[in-house]
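Here full-length UniProt numbering is used: the first residue of the sequence shown is 1, the next is one more, and so on.
Cβ atoms here follow ideal geometry from the backbone N, Cα and C, with glycine treated the same way.
Treat the numbers as computed from the prediction; the structure is a model and nothing was measured.
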Amino acid sequence: TCVTQLQYYAYRLSQRNGFSILHNSGKLFQQYIVDAYVKTEGSRLHFLRQNQKDLRIELYLGLLDALECRAHNENIRTGKLIILPSSFQGSSRHMQQNYQDAMAMVRKFGKPDLFLTFTSNPSWSEILNSMEGLQRPEDRPDIIVRVFNMKLKELLEDICKHGIFGTVLPYIYVIEFQKRGLPHAHILLTLDSESKIRTKEDIDKFVSAELPDPCTDLRLFEIVTKCMVHGPCGTINLNSPCMRDGQCCKSFPKQFKDDRGKC
1 TCVTQLQYYA YRLSQRNGFS ILHNSGKLFQ QYIVDAYVKT EGSRLHFLRQ NQKDLRIELY
61 LGLLDALECR AHNENIRTGK LIILPSSFQG SSRHMQQNYQ DAMAMVRKFG KPDLFLTFTS
121 NPSWSEILNS MEGLQRPEDR PDIIVRVFNM KLKELLEDIC KHGIFGTVLP YIYVIEFQKR
181 GLPHAHILLT LDSESKIRTK EDIDKFVSAE LPDPCTDLRL FEIVTKCMVH GPCGTINLNS
241 PCMRDGQCCK SFPKQFKDDR GKC
C-alpha cells in the first residue's frame, strides 16, 4: 500500500511508547518538522507541474489568450505556463475561492453576529503532562497543535451542536500561527433570527467584563485573573511589552463605565 509523504511524516511524528531521539532533539526536532513540511509542499508542487494536462485547462483559456496577446504585442516570448489551481492550499486561487465561499454565506444568511478568537495556551495541562524529562512546550509543536485541534473541535461542538450562543446557521473559521509558533483560530458565527443579539441585555448574556466570584467558582476566577487581565503596566511596570514611550499602547488603565454599549 502506498502512502503519501504527508501520511508518512504524520506516522513519524506520532508519539509511541519508549524513548524517541527524534522527539527529544529540541530545536533539531523543530528543524525536522520544517524540512518535512517543505519537502511535502515541494512534492505537491512537482506533481502539479508534471500533471498540467490533467487539470481542467478550459477554465484558464482566457488567461492563456491574454498572456499570448501581451507577448505578441510586446514582441516577447512566453515561457512555460504553470497553473497553480485552487486545490493547492495557500495559493492565490485557493485564498480567493475561500473568500468567495465566505461572501456567498454572507449573501444568503447575512453578516455574522459573533467574532470569536480561540488561542492555544502552552500551559494547558494536556500539554504539560505530555512533556518528557526536561522538555518544554516549545520543544513539542506537534503536541501543541494536536491539543489545540482537539480543544477547537470541542469548542465548535459546544457552539454548533449544543447551542451555547443559540442556533448557529453557517460558521467559518481560519487557523493562524503566531510568530512565536502558537496556533489560534478566528471564528465567525451567524445566528438565526431568534438568537441574534439586539439589546444590551442580550450582550450581557454572552459578554462579561467582571471577575468571577472566587467563592462560587474558584477555578474560573484563577483562569480569568491569570490569562485575561491586562498588565500590570504603566508606572508600576515600565518594562511591560505593551509599553510605548512610557505609555500603554492598549490605553490601559481604562475608565470604568456603568453602562454597557455596543461597539
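Starting from residue i, trace the alpha helix (DSSP H) both ways and give me its first and last residue.
i      : result
Leu155 : 141 to 156
His162 : Note, His162: premise wrong, no alpha helix (DSSP H); not H, not E.
Phe47  : 27 to 50
Arg198 : Run containing Arg198: none; DSSP gives neither H nor E here.
Gln7   : 5 to 13
So what's residue i in DSSP terms, helix, strand or just coil?
i           : result
Met243      : strand
Leu81       : coil
Ala209      : coil
Pro122      : coil
Phe19       : coil
Thr167      : coil
Phe88       : coil
Cys69       : helix
Phe55       : Before going further, note that residue 55 is Leu rather than Phe in the sequence given. If DSSP states are grouped into helix, strand and coil, Leu55 belongs with coil.
residue 265 : An answer regarding residue 265 cannot be provided, because it is not within the stretch 1 to 263 covered by the chain.
Cys263      : Note that Cys263 has pLDDT 48, beneath the 50 cutoff, so the model's placement of it is unreliable and no number is given.
So, at 6 Å on beta carbons, what are the nonlocal neighbours of residue i in its own chain, with the 5 sequence-adjacent residues on each side left out?
i      : result
Cys263 : Residue placement at Cys263 cannot be trusted, given a pLDDT of 48 that sits under 50; the coordinates are not used to answer.
Ser195 : Gly166, Thr167
Ser86  : Arg93, His94, Gln97
So, for residue i: in the same chain, excluding its five sequence neighbours on each side, which residues have a beta-carbon less than 7 Å away from its beta-carbon?
i      : result
Pro212 : Leu220, Phe221, Val224
Pro112 : Leu188, Leu189, Thr190
Ile143 : Ile127, Ser130
Val3   : none
His184 : Thr117, Phe118, Thr119, Ser120, Glu176, Gln178
Arg136 : none
Determine the extent of the beta strand (DSSP E) in which residue i is found, giving its start and end residues.
i      : result
His186 : 183 to 191
Phe109 : Taken as a continuous stretch (DSSP letters only), Phe109 belongs to no beta strand (DSSP E), being part of the alpha helix (DSSP H) at 92 to 109.
I'd like to confirm the pairing. Which residues does DSSP put opposite residue i in its beta bridges?
i      : result
Val229 : Looking at the DSSP assignment, Val229 forms no beta bridge with any residue, so it has no partner.
Glu132 : Answer by DSSP bridge pairing: none, since Glu132 is not bridged.
Ile172 : Leu188
Leu114 : Leu189
Cys248 : Met243
Phe256 : Looking at the DSSP assignment, Phe256 forms no beta bridge with any residue, so it has no partner.
Does the distance between the C-beta of residue i and the nearest non-hydrogen atom of the ligand PLP fall short of 7 Å?
i    : result
Thr4 : The ligand PLP is not among the ligands present in this structure, which contains no ligands whatsoever.
Between which residues of its own chain and residue i is the CB-CB distance below 8 Å, once the five residues before and five after are set aside?
i      : result
Phe252 : His230, Gly231, Cys233, Gly234, Cys242
Gly133 : Asn24
Pro141 : Gln30, Ile33, Gly181
Ser92  : Leu84
(message) Taking contact to mean 3 or more Cβ pairs, one atom from each stretch, closer than 8 Å, check whether the segment 96 to 111 and the segment 119 to 138 are in contact.
(response) The segment 96 to 111 is not in contact with the segment 119 to 138.
(request) Pair every Cβ in the segment 34 to 54 with every Cβ in the segment 76 to 95, then say whether three or more of these pairs are closer than 8 Å. (result) yes
(message) Count Cβ pairs between the segment 30 to 44 and the segment 68 to 77 that sit closer than 8 Å; are there 3 or more?
(response) No: fewer than three Cβ pairs fall under 8 Å.
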